[in-house]
Every structure is written in C-alpha cells, then in structure tokens.
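Notes follow once the structure below has been shown.
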Amino acid sequence: MKKTKLLLAPLLIIMGLQAKPTEDTKVENSNIKSGTTIGHYQKPGAPIDMTYDSTKVNAGEVSDINITLTTSATSGTMQVSIAFDEAIKNESNTEENLTFEITPEQRSFPINIQASSLEDGLHYIRLLTKVDKGTASKLRAFAVPMYVGEPKPKAKSANIMKAMSGENISVSKAVETIEVIE
Amino acid sequence: MKNKWSILLLVLLSTLSLSAVNISGTISYERINPLHNGSSTILDYNNITTEKAKQVIVEAINSSGNSIATTSTDDNGEYLLSSLPSNTNIKIRVYAKMFKSSKWDVKVVDNTNGNALYVVEGDLTSTGTSNSQRNLKTLASTTQSPPFAILGSIYLAMQKVLVADSSVVFPTLKMNWTVNNVESGTYYDGHENIMIQGDQNGDSDEYDDHIMIHEWGHYFEAKFSRADSIGGGHTSGDHLDIRLAFGEGWGNALSGIITDDPIYFDTMSSSGWNMNVESATHDTPGWFSEASTQRILYNLYDSHDDTTDHLSLGFKPIYEVLVGPQKTTKAFTSLFTFITALKEKQPSSTQKIDAIVGNEEIATIDDIYGTNRLNNVEAITLPIYTPLTINRAENNICTSTTYGVSNKLNNHKYIKFDINEKKSYPIEIVQTNGRTSDPDFAIFQTYPFKQVALSESDTKGSERKTYTLPIGSYILDLYDMQNTKKACFSVNIGDKSGIAPDNNNESSSDTIGTTLPENKIIALLLILAIMFIPALFIRTELKI
Numbered sequence: 014m015k016k017t018k019l020l021l022a023p024l025l026i027i028m029g030l031q032a033k034p035t036e037d038t039k040v041e042n043s044n045i046k047s048g049t050t051i052g053h054y055q056k057p058g059a060p061i062d063m064t065y066d067s068t069k070v071n072a073g074e075v076s077d078i079n080i081t082l083t084t085s086a087t088s089g090t091m092q093v094s095i096a097f098d099e100a101i102k103n104e105s106n107t108e109e110n111l112t113f114e115i116t117p118e119q120r121s122f123p124i125n126i127q128a129s130s131l132e133d134g135l136h137y138i139r140l141l142t143k144v145d146k147g148t149a150s151k152l153r154a155f156a157v158p159m160y161v162g163e164p165k166p167k168a169k170s171a172n173i174m175k176a177m178s179g180e181n182i183s184v185s186k187a188v189e190t191i192e193v194i195e
Numbered sequence: 200m201k202n203k204w205s206i207l208l209l210v211l212l213s214t215l216s217l218s219a220v221n222i223s224g225t226i227s228y229e230r231i232n233p234l235h236n237g238s239s240t241i242l243d244y245n246n247i248t249t250e251k252a253k254q255v256i257v258e259a260i261n262s263s264g265n266s267i268a269t270t271s272t273d274d275n276g277e278y279l280l281s282s283l284p285s286n287t288n289i290k291i292r293v294y295a296k297m298f299k300s301s302k303w304d305v306k307v308v309d310n311t312n313g314n315a316l317y318v319v320e321g322d323l324t325s326t327g328t329s330n331s332q333r334n335l336k337t338l339a340s341t342t343q344s345p346p347f348a349i350l351g352s353i354y355l356a357m358q359k360v361l362v363a364d365s366s367v368v369f370p371t372l373k374m375n376w377t378v379n380n381v382e383s384g385t386y387y388d389g390h391e392n393i394m395i396q397g398d399q400n401g402d403s404d405e406y407d408d409h410i411m412i413h414e415w416g417h418y419f420e421a422k423f424s425r426a427d428s429i430g431g432g433h434t435s436g437d438h439l440d441i442r443l444a445f446g447e448g449w450g451n452a453l454s455g456i457i458t459d460d461p462i463y464f465d466t467m468s469s470s471g472w473n474m475n476v477e478s479a480t481h482d483t484p485g486w487f488s489e490a491s492t493q494r495i496l497y498n499l500y501d502s503h504d505d506t507t508d509h510l511s512l513g514f515k516p517i518y519e520v521l522v523g524p525q526k527t528t529k530a531f532t533s534l535f536t537f538i539t540a541l542k543e544k545q546p547s548s549t550q551k552i553d554a555i556v557g558n559e560e561i562a563t564i565d566d567i568y569g570t571n572r573l574n575n576v577e578a579i580t581l582p583i584y585t586p587l588t589i590n591r592a593e594n595n596i597c598t599s600t601t602y603g604v605s606n607k608l609n610n611h612k613y614i615k616f617d618i619n620e621k622k623s624y625p626i627e628i629v630q631t632n633g634r635t636s637d638p639d640f641a642i643f644q645t646y647p648f649k650q651v652a653l654s655e656s657d658t659k660g661s662e663r664k665t666y667t668l669p670i671g672s673y674i675l676d677l678y679d680m681q682n683t684k685k686a687c688f689s690v691n692i693g694d695k696s697g698i699a700p701d702n703n704n705e706s707s708s709d710t711i712g713t714t715l716p717e718n719k720i721i722a723l724l725l726i727l728a729i730m731f732i733p734a735l736f737i738r739t740e741l742k743i
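Just so you know, the protein sequences line up as chains A and B, in that order.
Just add 13 to the spot in the first sequence (first one is 1) and you have my numbering.
Just add 199 to the spot in the second sequence (first one is 1) and you have my numbering.
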C-alpha cells in the first residue's frame, strides 16, 4: 500500500506539471474571470481582438466588467453595439452604441460596464463590432460572460441516449410523411 | 371444408410473399439562405429552401431500440432499406453523420453535451404488408436542420476534391456545433475538429456555408497539403506573416471555388457582412495579403475573364500543387511556394499566371523564397529570407511591429542556412539596438519539412542555445516575444566570430533531439526512472 502511494506520487507530480488549461476562460482568482481572443484562431472578419475580466457576483450585486478592444487597423472607425441578455441590467452609464476613431497611436479601446442580474447562472453581454475602412466594412461578434451566483445545474437532456455503437446521440423528432406504395 | 383450406392457403401465400417489405424515402432539411445588400448580409427567413441530406446514415430501429437495417442516402437524399420484416413496428432514424468506408467519416456533435451525435427520427410505425415510403424532414425553426446544413457544406467541398482526385480518403472530421457555442468562435483545431459558433442571439455560423468551407480548407491544407500558418487574428487589409496570408487566402478562395460563388459572407443575428473573393476593392494588396492571395487563387480557378485574368485552370491544377510541391517545399508555405510550383507545372500558362499575380502589385514570382520583391514595404522587410553562412554573423536582421503584433509582417524574420557537417552548433541571437526585446527562435529542417528546435527563454536582449544539427538545409524563425517596436539582431550560428558583444550571456546547450518526437522515448524513460527509483529504495528498506 505504501509502495503504491509512493509510486503514484511522482506520477501525479508529473501529470500535474503537464496539465494545461483547456478553456479560453481562466479563473485568475475566485471572483474574477478573464479571457482573451488574442493568439486564438479566428475566422475572417473585422481585425479586432477582445480581452475582458468580469467579477463574479451574487444575484442583485453589481459586476464590474472591463473589456478592451484592440485592432490592427491604423485608420478608420470602430463601431460597437452592446447587447445584454434579458436577465442582465446595465447599471453603468456606458452607452450601448459606441464609435471610436482609429489612429496609428490609438488602436486599443477600453470599455467599462457595470451590470447586475437577479438570476443565478451564466449570462452574456454581446458586442457586435464593425470596422469601416474606406468602402469596406467588416464585423466581428464577441460574447463576454457574466457569472451570477451559483451556476445553474446543467439540465440533463432527456433526448440524450446511447446508440448501439455506444455513442451518445441527441435524438429529436423530424417531420415525417408515410405513404404506402401499392 | 374445401373453402376453408383455400383461405388458409391464401393467407399462407400472402404471408410468404409479404414477409419482407422495403421502406424507401427522402431525407431533407431546411436551409436559411443569405440576403446580400451591398456589403451587408443577413439570413433571409423568407428564403428557406428544402435541401436533400446527402450521404447521411439511415437506420431502421425496432421497438426494442435495436437497429435492424442500415444504409446511407444517395446524392438525391434518397434511401432504401430492403427486406424489412412485415407487420413490425419500426422507426426511421437519421444520423448527422456521413460515413463511407475508406472514403469519408464526418459527423456533427454537440460538444457541450457528451459529444452527442445529432439524430432525428420518425415515429414507431408498423411496416405493414406493403412497401412504403417514409420521408423525413427537419425544419429551420428548430435546431435539427443546422447539423445537416453543416454536413451539406462539407459534402460539397469533398465532392470538389473527389472530382480532382477520386482516390482521396478523407481523414475523420468532427464538426462541433451547438447553440451553447456562444464564446467558442469558429475555427479548425489543427487535428480533427472544427468548432462552430452557434449563438442564436449573436453570431452563429451553421448556415454560413463559406465559413464552413473556409475552415474545412484549413483541415484540407493540414491533412493533404502543409499548413505552416501561425494562426491568430487577421483581416484582408493586413500586412500578414506570409504563412498566415496564404492559409487564410486559401480558405477564403476555396469557399468561392467550392460554391462557385465568390461572395463570402458571415451572418450574425440581424447583422452580417460579405466580401467578394474575386473582385473586392484592393486594400493594401501584396504578397503579404490574404485578400491578394484569395483573389489570385480564385482568378486562377474561375472561368470568368476580366482585365488581367485570362486563365481558367479549374480546381485540379490547384489541387495538384497543394498536395504535391506545396507539401514538400523547402520554404514556408506561402504564395511564393504555390506560384513557383504552379508555374513549373503549367509552363504554357506562365505569362497569364504572372498577369494575375501582377494585378496585386506583386512582382513576378520566380522562386519559393520570394526574392526580387518590390520595395513597397517597410525597409527592414527584405530580403524575406536572409541567407546565413555558418560561423559568420548576420548583423542587421530586424523585427518590428509596424504592421501589428504576433502574426503580422516583420514580427517574424526567416534566416536560411545549410549544415554541411553534423556537430554541435551554438546559436546566438543578440539585440544590437538595446535590450528591450525578448528574442526567441524555432528551427525548421527543410527536408522533410518539420520543426526540430524551439528556444524560448525569457532572457532580455538575447537568446543562446546549442544544438547538434545533422547535415541539411534549415530555416530559423526569429521573433520578439516582447513586441518591441523595432528590434535589430546579430545572428550567428557556429563560432562566435562577428557576433556583437553582449553582457547578458545566458546560454544553454541542447541537442535537436529534445524537441524531436523520437526523443519522447528519452522523456518517458526519465519519467519511469523518477517513478521507480524511489520504489527501489522502499523495497530495500522493507527488506531490511
């Protein structure tokens, strides 16, 4: 028994050393969630990256959310439309439609939002960004998570079952027409 | 009595002849089509078409939940399940999966719910005594149609490749889509997964077929050609690292090539945008531009002539370059390697290829390294590959953030060198204009092409490491992790003659092997040693 434990110890140490975060979002401390799109694969779109941190709060408390939008463009304008999940109340004076002038010196734009919710769970603040440069316009959408209270237990889908192969399947009814062929 | 026997005989005959029945039918899904208005594109809920679900798996499931027959739909979405038992309750089940042995294996799963494969089915109904037809359709108003729409886009792409090369076998591909993919983004992970954004209140991509094909293009490049792209954010007006510019331009062009529709679009809730991969306004064209790359590739392919495009190669010549010389090229994959190989394979079309390339303000491409470029870029840009002689320092190799950081032009500088004798080589990179940078480097063996070393210390102003390098040609990729506005370096491989003096002299030694896959064995042995040496001590103690 002792031997097993001793054998396991170095293995666990090694496994621990090799462990990597698996999600984009990481917890820096228990109350702040942060994330970034910088360095991540992105589909074509407006040349904008987003970095955020968001304080986790209890229902009814105000969360402080700091968002920074950074563009590789050196000219033009960046328009930002902010939309809140229905369960979120915007508690800040930040306008929901913003326009920034992009210059070689000014490519990074901080946005601070205070928001609250009476509902526990994961909610989202969505940013639709648009860079206009000459005649061309490109868009990119971002979603900033806002964590309120205890996460809602994930409802187990009644539609998940096992196929004969053992694979999980998510089943739903299609529209079906049946006709007998004479 | 005679009558009674006759009836029994009739019933028996009837049972025998109808003991097996066939069920056939069509599987279809609704697709929401785009509506373009200038540079804006939205999904048009007034333009929903019914499409055939091609090559998807169909099963007959009995009342016990067991599959009693299986098949796939054809290219018309039609299936036939034959010799099913009569008067037996079965339901038709359709999987969001295309599988054909030694050909393809693609499925759409919910990555937030046990990687469950999406399935739709009909009702449990008796097969009766006659053949019957059961048609199943998914509606766009539900989450049932997206998995089949995604498969439709992928099948279209696979068909284009199969026309060029019928022997192709597509490696397994998993499409990860769910309405819960709010933050995931849409991207290819470099292996066998494509993540697809599905936020129904924001950005969802399931009906954006050009995006599906763009990402599939990255999968194709990685699996059949070679993808040296370093990834990261990008857009058409950027001065990009040449590897990224080619990868993204290829993805964009392919979306137009596969659909024969040059309007690439991305819808987002009630918004969206589009670009014409053939004729968009030239915004900072050049060999560093993904937009130039996409226009060149699309114009090489298409049958539509315009001012400078008088070539209609079709897909096959492009495919043959990608799976041939582009895969084995000794330089990083870029527009230079692609065009050089295409011109070699299509010597009669050289002038027309040059004309298409020239329309992007790109001087004639004559080699894989992009020599003889025009001076329409930041001065430190050229040459794109700096040749280096062993034991002789190159003193003015500069990175910069003029065009942005991370993956933009001049964030990485390429140095090519030859090793004529296998031995240990110290590699020294020293900043010559201060100590503001954090230079790091990777070394790529060029045949077969692969990364063989990576040195990423946190040392400011310099990077030193010694590697044992076998005979061959190499490329060193130098970059500044500190994103200094402009950092110039002295680079030396071998003896220290000519290297700039440096007080911050941190150095380490290594063999190429530590980063080579085969030396994972050494790492494994080391791990085993760490595990078992303490155990030996314990054993000794117990014996005592």
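By construction, the Cβ of each residue, glycine as well, lies at the ideal position given by its N, Cα and C atoms.
Since the structure is predicted, the reported quantities are computational estimates derived from the model, not experimental observations.
Chain B contact residues for Thr50 of chain A, given Cβ-Cβ distances below 8 Å: Gly384 and Gly432
Proximity below 9 Å, CB of Thr385 of chain B to CB of Gln396 of chain B: yes
Cβ distance (whole Å) where Tyr518 of chain B is taken to contact Val360 of chain B below 8 Å: 7 Å
Amino acids of chain E, ordered along the chain, whose beta-carbon sits closer than 8 Å to that of Leu152 of chain A: No chain E appears in the structure shown, which is made up of the protein chains A and B.
Given Ser150 of chain A as reference, the closest of A:Glu132, A:Thr49, A:Gly52 and A:Pro60 once Cα atoms are compared: A:Pro60
Whole-angstrom C-beta distance between Glu405 of chain B and Val184 of chain A, which should lie under 8 Å: So it is not a contact: roughly 19 Å between Cβ atoms.
Boundaries (first-last residue) of the beta strand (DSSP E) holding Val629 of chain B: Lys622 to Gln630
From B:Ser281, B:Ala268, B:Trp376 and B:Ser239, residue whose alpha carbon lies closest to that of Lys143 of chain A: B:Ser239
Chain B contact for Gln55 of chain A (CB, 9 Å cutoff): yes
Residue-chain proximity (Ser196 of chain A, chain B), Cβ-Cβ < 9 Å: Nothing about residue 196 of chain A can be reported from this structure: the residues present for chain A run from 14 to 195 only.
Interface flag, Ala452 of chain B vs chain A, CB-CB below 9 Å: no
Which of helix, strand or coil DSSP assigns to Asn379 of chain B: coil
Residue-chain proximity (Pro158 of chain A, chain B), Cβ-Cβ < 9 Å: yes
Segment limits, beta strand (DSSP E) that includes Glu195 of chain A: Element bounds for Glu195 of chain A: n/a, residue is neither H nor E.
CB contact check: Pro123 of chain A to chain B, cutoff 9 Å: no
Coarse secondary structure for Met63 of chain A, derived from DSSP in three states: strand
6 Å CB neighbourhood of Gly448 of chain B in its chain, flanking five on each side removed: Glu489, Thr492 and Gln493
Proximal residues, the stretch 332–344 of chain B versus chain A, C-beta separation under 9 Å: Gln332, Arg333, Asn334, Leu335, Lys336, Thr337, Leu338, Thr341, Thr342 and Gln343
Under 9 Å by beta carbon: chain A residues contacting Tyr317 of chain B: Ile182, Ser183, Val184 and Ser185
According to DSSP, residues forming a beta bridge with Trp797 of chain B: As shown, chain B starts at 200 and ends at 743. That puts residue 797 of chain B outside it, with no answer to give.
Whole-number beta carbon distance between Val368 of chain B and Lys302 of chain B, since they are thought to touch under 8 Å: 6 Å
Between the CA atoms of Phe113 of chain A and Glu180 of chain A - distance to the nearest angstrom: 49 Å
Residue-level contact to chain A via CB, Thr480 of chain B, 9 Å cutoff: yes
6 Å Cβ shell around Phe531 of chain B - same chain, five flanking residues per side excluded: Asp427 and Arg442
Element boundaries [beta strand (DSSP E), containing Gln650 of chain B]: Phe648 to Ser654
Nearest neighbour of Ser599 of chain B, chosen from B:Glu559, B:Met474 and B:Asn682 [CA to CA]: B:Asn682
Length of the line joining the Cα atoms of Arg292 of chain B and Ile429 of chain B: 42 Å
Proximity winner among B:Asp566, B:Gly557, B:Phe487 and B:Ser223, relative to Ile194 of chain A (alpha-carbon distances): B:Ser223
Own chain residues within Cβ distance below 7 Å of Thr90 of chain A, not counting five before or after: Thr112, Phe113, Glu114, Ile115 and Asp145
Leu212 of chain B - DSSP class collapsed to helix/strand/coil: Annotation note: pLDDT 45 at Leu212 of chain B (below 50); position unreliable, coordinate value reported separately. Helix, per DSSP.
Length at least 4, wholly inside the stretch 211–254 of chain B: the alpha helix (DSSP H) runs in chain order: none
Residue-level contact to chain A via CB, Gln681 of chain B, 9 Å cutoff: no
Residues near Ile579 of chain B by beta carbon distance below 7 Å, same chain, minus five either side: Cys597, Ser599 and Asn609
CB contact flag (Val556 of chain B, His438 of chain B, <9 Å): no
Residue span of the alpha helix (DSSP H) that contains Thr549 of chain B, given as start and end: Thr549 to Gly557
Gly446 of chain B - containing beta strand (DSSP E), residue span: From DSSP, Gly446 of chain B is part of no beta strand (DSSP E) but of the alpha helix (DSSP H) over Ile441 to Thr458.
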